[in-house]
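If you're matching positions, the sequence shown starts at 774 in the numbering used here and goes up one per residue.
Structure first, commentary second.
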Amino acid sequence: MVKYKVTYHFNKDLTATRIIEAESKEDAMIAAKAEKVVRFEERGVLYEFNIEDVKMITVSEFAKVKAVKSIY
Numbered sequence: 774m775v776k777y778k779v780t781y782h783f784n785k786d787l788t789a790t791r792i793i794e795a796e797s798k799e800d801a802m803i804a805a806k807a808e809k810v811v812r813f814e815e816r817g818v819l820y821e822f823n824i825e826d827v828k829m830i831t832v833s834e835f836a837k838v839k840a841v842k843s844i845y
């Protein structure tokens with residue numbers, strides 16, 4: 774399983790993002806659209822919205838970024 778970042782776009786300035794595991798990007802997209810009401814928790818924030826309110830869904834491979842300590 775690979776981790777994917779799924780972003781739900783509602784309008785130009787409003788998105789909700791979650792991380793899911795799937796075999797492929799296509800499977801992640803299918804899972805992202807599977808529910809009529811989407812509900813998930815990400816970083817301590819609970820999201821719930823109707824999939825009909827989503828204008829676009831994007832899926833990309835999740836790359837965990839390491840924090841680098843500043844020397845300044």
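Note that CB positions come from ideal geometry on N, CA and C, so glycine has one too.
It should be emphasised that the depicted structure is a prediction, and the values quoted were computed from it without experimental measurement.
Determine, using beta carbons only, whether R812 and E825 come nearer to each other than 7 Å. No; because the gap between Cβ atoms is not below 7 Å, this pair is not in contact.
For E794, collect the residues of the same chain with a Cβ closer than 6 Å to its Cβ; drop the 5 residues on either side in sequence, then sort them by chain order. Beyond the five residues adjoining it in sequence on each side, E794 comes within less than 6 Å, by CB distance, of M774, K776 in the same chain, given in chain order.
Can you check DSSP and say which residues form a bridge with M829? H782
Relative to the alpha-carbon of E814, which residue among Y781, V832, A804, I792 has its alpha-carbon at the smallest distance? I792
Could you say which of N823, D800, A807, L819 lies nearest to S833 if we only look at CA atoms? D800
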